[in-house]
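Participant:
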Amino acid sequence: MLVSLVDVLKEASAGAWAVPAFDCTEDLMIRPILDTCEAQGSPVILMALEHDLVGRGFDYIASIVRGVAPKYSVPIVLHLDHATRPDLVAKAIDYGFTSVMYDGSALPFSENVRVTRQVVKIAHAHGVAVEAELGKVAGKELDGSNSGDSQLTDPSEVLDFIALTGVDALAVSIGTAHGVYASAPRLDILRLKEIRNASKVPLVLHGGSGTPLDQVQDAIRNGIAKVNLYSDIRAAMLRGLKTAVANENRIDPLPDQLFRPVKEAIARAVESKIAMTMSGNRVKAANVKAAKV
Ligand SMILES: [Zn+2]
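Mapped onto the numbering used here, the consecutive letters of the sequence shown carry residue numbers 110 to 402.
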């Protein structure tokens with residue numbers, strides 16, 4: 110069922126586990142993610158990036174997720190990831206996304222506050238939750254370019270940012286990066302504790318792929334309630350595709366023959382993320398209300 114981000118994050122925060130959040134672009138990814146989460150009793154956040162919403166992306170992703178969500182018993186959030194433009198947020202609201210991330214991390218603090226507050230006003234008027242970012246998680250971007258150094262979240266800015274914007278969740282920069290790591294990151298848990306002490310708003314870890322399990326779980330125990338994952342799923346897709354090609358003899362294989370290994374590889378990756386976020390068997394505990402759809 111489709112639910113609000115606020116309710117599912119509240120449950121996760123209270124139980125010291127996190128909701129895995131997967132960027133996905135189409136049925137080939139959405140189906141194994143949801144089937145695996147259903148089998149494991151894990152709430153899940155499906156996210157779409159601007160990159161994937163061009164053309165008919167909004168039509169396809171929103172239609173698929175909203176169409177199939179009522180068939181699943183696990184809570185499902187449909188989330189816009191890393192929107193840097195308020196008009197994209199408005200479009201996502203029109204398409205029935207249940208939450209949005211406005212990413213003003215490239216802006217100075219006061220500008221980030223100003224635009225985030227504007228987005229919160231629009232989104233909350235429609236019952237849609239908002240995640241914002243304070244500090245900057247950099248790394249490998251979707252086009253393979255490097256977005257420079259991350260800027261760690263300053264704990265002394267957190268209380269003001271939350272109070273001035275009214276956001277429902279906050280992405281923090283504590284040592285992770287987007288994309289594939291050259292060497293394992295070291296999370297600044299002390300900084301995370303200071304952020305947690307400043308505000309009880311649920312915190313979000315971007316760049317979850319490749320981050321060692323013990324560090325992610327340490328972060329979850331200290332306030333992270335949503336872990337964003339994309340690179341590890343993409344790497345799993347490539348492994349599945351290579352298996353499919355290696356095993357295929359037909360010149361005209363059936364779609365299922367081609368895509369089953371991809372879906373199975375995604376499913377295994379999702380299982381490992383559910384174990385990492387400790388989100389399995391939470392559905393009975395997740396006393397979440399269905400979103401207005
Ligand atoms: Zn991110």
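Don't be surprised by glycine CBs; every beta carbon is placed ideally from N, CA and C.
Thinking G253 and A286 are a contact (beta carbons under 8 Å), I'd like their distance in whole angstroms, please.
Facilitator: Indexing the sequence shown from 1 puts residue 253 at position 144. Indexing the sequence shown from 1 puts residue 286 at position 177. The pair is not a contact, with the Cβ atoms about 14 Å apart (cut-off 8 Å).
Participant: For Y211, report the span of its beta strand (DSSP E) as first-last.
Facilitator: Counting from one through the sequence shown, the residue named residue 211 turns up at place 102. S208 to Y211 is the span of the beta strand (DSSP E), which, as asked, contains Y211.
Participant: Quick check: what's the CA-CA separation for L162 versus I170?
Facilitator: In the sequence shown, the residue the question calls residue 162 occupies position 53. In the sequence shown, the residue the question calls residue 170 occupies position 61. About 8 Å.
Participant: G205: beta carbon under 8 Å from a heavy atom of ligand 1?
Facilitator: Along the sequence shown, one-based indexing puts residue 205 at 96. Every heavy atom of ligand 1 is 8 Å or more from the Cβ of G205, so no.
Participant: Going by C-alpha to C-alpha distance, which of I231, T320 and A157 sits closest to P294?
Facilitator: Against the sequence shown, residue 294 aligns to sequence position 185. The shortest Cα separation from P294 among I231, T320 and A157 belongs to T320.
Participant: Which term fits L158, buried or exposed, when burial requires 16 or more other beta carbons within 10 angstroms of its beta carbon?
Facilitator: Within the sequence shown, residue 158 is the residue found at index 49, counting from 1. Buried is the call here.
Participant: If I'm right that S308 touches L268 with Cβ under 8 Å, what's the distance once you round it to whole angstroms?
Facilitator: For this step, residue 308 is matched to residue 199 along the sequence shown. For this step, residue 268 is matched to residue 159 along the sequence shown. Rounded, the Cβ-Cβ distance is 6 Å, consistent with contact.
Participant: So, under 8 Å CB-CB, M156 and D132 are touching, yes? Tell me the CB distance rounded to an integer number of Å.
Facilitator: Residue numbering aside, residue 156 sits at position 47 when the sequence shown is read from its first letter. Residue numbering aside, residue 132 sits at position 23 when the sequence shown is read from its first letter. Right, their Cβ atoms sit about 5 Å apart.
Participant: Taking 8 Å as the line, does the beta carbon of G150 fall inside it for any heavy atom of ligand 1?
Facilitator: As a position in the sequence shown, residue 150 is number 41, starting the count at 1. Answer for G150: no, Cβ out of range of ligand 1.
Participant: Nearest-angstrom Cα distance between K302 and S113?
Facilitator: Taking the sequence shown and counting its residues from 1, one reaches residue 302 at position 193. Taking the sequence shown and counting its residues from 1, one reaches residue 113 at position 4. Spanning the two alpha carbons is a distance of roughly 26 Å.
Participant: Taking one C-beta from the stretch 121-128 and one from the stretch 318-335 each time, how about it: are there three or more such pairs within less than 8 Å?
Facilitator: Yes, since at least three Cβ pairs between the stretch 121-128 and the stretch 318-335 fall closer than 8 Å, the two stretches touch.
Participant: Would you call the stretch 231-240 and the stretch 215-223 in contact, with 3 or more CB pairs under 8 Å?
Facilitator: Counting Cβ pairs under 8 Å, fewer than three are found: no touch.
Participant: Just verifying my parser: in three-state terms, what is the DSSP assignment at M156?
Facilitator: Reading the sequence shown from its first residue, position 47 is the one you call residue 156. Of the three classes helix, strand and coil, the one that applies to M156 here is strand, per DSSP.
Participant: Compute the Euclidean distance between the alpha carbons of R140 and G317, then round it to the nearest angstrom.
Facilitator: Here the question's residue 140 lines up with position 31 in the sequence shown. Here the question's residue 317 lines up with position 208 in the sequence shown. The alpha-carbon atoms of R140 and G317 are separated by roughly 21 Å.
Participant: Hey, is G316 close to ligand 1, as in C-beta under 8 Å from one of its heavy atoms?
Facilitator: Taking the sequence shown and counting its residues from 1, one reaches residue 316 at position 207. Yes - ligand 1 has a heavy atom lying nearer than 8 Å to the Cβ of G316.
Participant: A374: buried (16+ other C-beta within 10 angstroms of its C-beta) or exposed?
Facilitator: Your numbering for residue 374 matches position 265 in the sequence shown. Burial call: buried.
Participant: Which first and last residues belong to the beta strand (DSSP E) in which P364 is found?
Facilitator: On the sequence shown, position 255 is the one that residue 364 refers to. First-last for P364: P364 to T386, but that is the alpha helix (DSSP H), not the beta strand (DSSP E).
Participant: Below 6 Å CB to CB, which residues in the same chain sit around I329 once its five sequence neighbours on both sides are set aside?
Facilitator: By 1-based counting over the sequence shown, the position of residue 329 is 220. Here the set comprises A127.
Participant: Since G88 and L261 are thought to touch, with beta carbons under 8 Å apart, how far apart are those beta carbons, to the nearest angstrom?
Facilitator: Coverage of the chain is limited to positions 110 through 402, which leaves residue 88 absent and any answer about it impossible.
Participant: Taking the beta strand (DSSP E) that N337 belongs to, which residues open and close that run?
Facilitator: Taking the first residue of the sequence shown as position 1, residue 337 is located at position 228. I333 to L338 is the span of the beta strand (DSSP E), which, as asked, contains N337.
Participant: Alpha carbon to alpha carbon, how far is H233 from L216? Give it in angstroms, no decimals.
Facilitator: Here residue 216 refers to the residue found at position 107 when the sequence shown is read from its first residue. Here residue 233 refers to the residue found at position 124 when the sequence shown is read from its first residue. Their Cα atoms are separated by approximately 22 Å.
Participant: Where DSSP assigns a beta bridge to Q260, which residues make up the other side?
Facilitator: Counting from one through the sequence shown, the residue named residue 260 turns up at place 151. BP columns for Q260 point to K245.
Participant: Along the chain, where does the beta strand (DSSP E) containing I360 start, and where does it finish?
Facilitator: By 1-based counting over the sequence shown, the position of residue 360 is 251. Premise fails: I360 is in no beta strand (DSSP E) and is neither H nor E.
Participant: Which of the three DSSP states, helix, strand or coil, is assigned to D196?
Facilitator: For the purposes of this step, residue 196 is identified with residue 87 of the sequence shown, where counting begins at 1. In the structure shown, D196 sits in a helix (DSSP, three-state: H, G or I).
Participant: Counting along the chain, where does the alpha helix (DSSP H) carrying V177 start and finish?
Facilitator: Along the sequence shown, read from residue 1 onward, the residue named residue 177 stands at position 68. Unbroken alpha helix (DSSP H) run through V177: G166 to V177.
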